[in-house]
Each structure stands twice: as C-alpha cells, then as structure tokens.
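The structure appears right after this line, and notes come after that.
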Amino acid sequence: MFVMGAIFVYGGAALTYNAFDDAKNVLESCIFGLGIVTVGMTLMVWAFTGPPG
Numbered sequence: 324m325f326v327m328g329a330i331f332v333y334g335g336a337a338l339t340y341n342a343f344d345d346a347k348n349v350l351e352s353c354i355f356g357l358g359i360v361t362v363g364m365t366l367m368v369w370a371f372t373g374p375p376g
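In the working numbering, the protein residues as written are 324 to 376.
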C-alpha cells in the first residue's frame, strides 16, 4: 500500500508541476493533481496505521 501511495504522490505531483508549464487549465489541473497527492498520502499513512475502524 505504501508503494501505491508513493506512485500516486509522484503522479499527482508531476501533474501539478506540468500544469504550471502548460498554463491552460491551471486551477483545474492543480485541484485534480493535489487530489491525487492526497489519495497517495492517505494510502501511505494507512500502510502504517491501518484504515480507520
């Protein structure tokens, strides 16, 4: 689960970084990219603590 989370974090960060290079839909791409990063960080935390409940 930690590896999948790291992949999500890297992919979301790359998407967010590329949004600033393109400068077409910056806000939409940033929100989407940071949402992917959030999912990745959640998976990385859950790898150590376990899902809630």
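All C-beta atoms in this analysis are idealised placements derived from N, C-alpha and C, irrespective of residue type, glycine included.
Asked                                                                                             : Found
Buried or exposed by the 16-neighbour rule on C-beta atoms within 10 Å, applied to Ala337         : exposed
Contacting residues, own chain, Cβ-Cβ under 8 Å from Thr339 (five flanking each side not counted) : Ser352, Cys353, Gly356, Leu357, Val360
Nearest to Phe331 (by Cα), restricted to the options Pro374, Met364, Ala342                       : Met364
Three-state class that DSSP yields for Asn341 in the structure shown                              : helix
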